[in-house]
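First comes the structure, then the notes that go with it.
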Amino acid sequence: MKDLKEYTIPFVGLKVGNHLFEYKVGKEFFEHFEFDEFNETNLAVELNLLKKTTMMELSFTINGTININCDVTNEPFDQYIEAEHHVVVKFGDAYNDEHEEILILPHGEYELHVAQYVYETSVLAVPSKRVHPGIEDGTLNSDVLDKLEELSIKENNDPAGEETDPRWDTLKKLLNDK
């Protein structure tokens, strides 16, 4: 991850107080993590670093669009995402990132790498089920949707014309005889 140097913050030289860092995240950023589920990305990341004398607070705000494929039709579409993530950075004897909101850095550390936090927050902001908006509002015309409609099970809502299995009828009588 040598190419992600802009995501390294040398916090030793910063004064106590708020510091704002802004990043534009494209597809190349995710390629460093060998993540290829996004076709294109256009994300804006704002990192507010509040430096205190004994600790730091990081507040990530991520918003923008990613181009992904629909889970139903495999058609690409732009999905808007927005996410926030807060991390408290403390200093201790050894590096520890077991907790998702607390990071412990060794006392001699002088810089902080935030690329992993940007990556994880962005990926987790994507909905687990990716459905093209054209499917929900009915405007998407796709061969896949036509085939799914053709192969879908048609429900028969007419109970009078419905034939039932006589074996099940006997069991239904047991339920009704209570």
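Per the UniProt record's numbering, residue 1 is the first one in the sequence shown, and the count goes up by one each step.
Cβ atoms here follow ideal geometry from the backbone N, Cα and C, with glycine treated the same way.
- The stretch 124 to 134 makes contact with the stretch 57 to 77; the number of CB pairs closer than 8 angstroms reaches 3 or more.
- Ranked by how close their Cα comes to the Cα of Phe21, the residues Ala44, His32 and Glu37 have Ala44 in first place.
- If you draw a straight line from the Cα of Asn67 to the Cα of His99, it is about 31 angstroms long.
- Scanning His113, Asp146, Phe77 and Leu174 for the CA closest to the CA of Glu40 turns up Phe77.
- Beta-bridge partners of Glu40 (DSSP): Asn67.
- Secondary structure note for Leu14: it is in no alpha helix (DSSP H), with a DSSP letter that is neither H nor E.
- Remark: C-beta atoms of Ser142 and Glu75 approach each other more closely than 8 angstroms.
- The stretch 18 to 33 makes contact with the stretch 108 to 119: 3 or more CB pairs, one atom from each, lie closer than 8 angstroms.
- With respect to the 8 angstroms criterion, Leu103 and Val87 are classified as neighbours on the basis of their beta carbons.
- Between Phe38 and Lys24 a beta carbon distance of about 15 angstroms is seen, past the 8 angstroms cut, so the two are scored as non-contacting.
- Judged by DSSP secondary structure, Asp169 falls within the alpha helix (DSSP H) whose first and last residues are Pro166 to Asn176.
- Linking Arg130 to Asn48 through their CA atoms gives a straight-line distance of about 30 angstroms.
- Gly17 and Asp137 have their C-alpha atoms spaced approximately 47 angstroms apart.
- When the alpha-carbon of Val72 is set against those of Lys147, Asp177, Glu163 and Pro166, the nearest one is in Lys147.
- Secondary structure of Tyr23 (DSSP, three-state): strand.
- Across the structure, Leu174 and Glu150 are spaced so that their CA atoms are roughly 38 angstroms apart.
- Of the residues assessed, Tyr110 falls on the exposed side of the cut-off, its CB having fewer than 16 other CB atoms within 10 angstroms.
- Within the same chain, Cβ atoms closer than 7 angstroms to the Cβ of Leu50 are found at Asn18, Met56 and Glu57, the five residues on either side in sequence being excluded.
- Taken through DSSP and simplified to helix, strand or coil, Thr121 comes out as helix.
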